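Notes follow the structure.
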Amino acid sequence: MGRGTWEDHYTRRAREENWLARSVYKLEEIDKKYKIIRRGHRLLDLGCYPGSWSQYCSRKVGPKGEVVGIDLKKPDRFSAPNFRFLEADVLSLDPGRLADELGTRDVVISDLAPQTSGIHVADTSRSMELAKRALAIAVAVLDRGGCFLCKVFEGEDIQGLRDEMVRHFKAVRTIRPAAVRKASREVYLLGLNRLHKS
Ligand SMILES: C[S@@+](CC[C@H](N)C(=O)[O-])C[C@H]1O[C@@H](n2cnc3c(N)ncnc32)[C@H](O)[C@@H]1O
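-15 is the number of the first residue of the sequence shown in my numbering; add one for each residue after it.
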């Protein structure tokens, strides 16, 4: 990201602390509060480019854990022995086949976001489409007790997505981390403790 009008405290801090994006502070805040990512975890990061969430997770899960990142674009500035990248469009992925390929996961995180057009209705609907696909993937790959964190733009359908998460997780939280820009409509839904596989 350039040093233009969007530069803020978190952008500067990310550069100083060698994180690949300021978004890391959203995940860090949620993780500090809910302790979702632990040593040895097997994690799936949907929409991982440029890689700050994977960078954070790969440090936290340590050498016995594993982070698999999926995106349309390969993170070109991040690599780690416990990180594996799959280039794919999540909308074309079959969740069941992905589960077979990856094996079960302890945590699924999704920061998936569409290229915004500025047209509110269209952007919200594309964000919801990505969030629903992320949930379908999480439901397919998560172990019992696992967690799912998902970004979505606020809109009418958000309650429907939350209701769907309530069917699969023991508790669901809606979170707006401090690092979310004031003008942004993004929120994060967190599903804690995946219930038994349905
Ligand atoms: C906000 S960025 C993620 C930032 C990342 N969490 C980080 O900390 O570096 C959103 C990402 O979603 C990806 N994305 C959007 N639609 C996608 C799709 N259909 N399949 C895979 N990735 C997608 C974009 O390519 C983009 O890299």
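We put the CB at the ideal spot given by N, CA and C, even for glycine.
Predicted, not measured: the structure shown is a model, and the values here were computed from it.
Touch check for the stretch 135 to 155 and the stretch 172 to 182: three-plus C-beta pairs under 8 angstroms?
-> The stretch 135 to 155 vs the stretch 172 to 182: in contact.
Among 92, 99, 77, 96, the one whose alpha carbon lies nearest that of residue 129 = The shortest CA-to-CA distance from residue 129 to any of 92, 99, 77, 96 is the one to 92.
Thinking C-alpha only, which one of 24, 40, 50 is nearest residue 7?
-> When only C-alpha atoms are compared, the closest one is 40.
Cβ-based burial, residue 151 [other Cβ within 10 Å; buried from 16] | Residue 151 is exposed by the Cβ-count criterion.
Residue of 52, 148, 153 minimising C-alpha distance to residue 86 = With distances taken between Cα atoms, residue 86 lies closest to 52.
For the beta strand (DSSP E) containing residue 55, list its first residue and its last residue.
-> If you look at residue 55, you'll find it in the beta strand (DSSP E) that goes 50 to 55.
Going by DSSP, which residues form a beta bridge with residue 29?
-> DSSP output for residue 29 lists 53, 93 as bridge partner(s).
Taking all protein chains shown into account, do 16 or more other C-beta atoms lie within 10 angstroms of the C-beta of residue 20, making it buried, or fewer, making it exposed?
-> So residue 20 ends up on the buried side.
Beta carbon of residue 121, beta carbon of residue 56: below 8 angstroms?
-> In this structure, residue 56 does not lie closer than 8 angstroms to residue 121 by Cβ.
Identified DSSP bridge partners for residue 77 | Assignment of beta-bridge partners to residue 77 by DSSP yields no partner.
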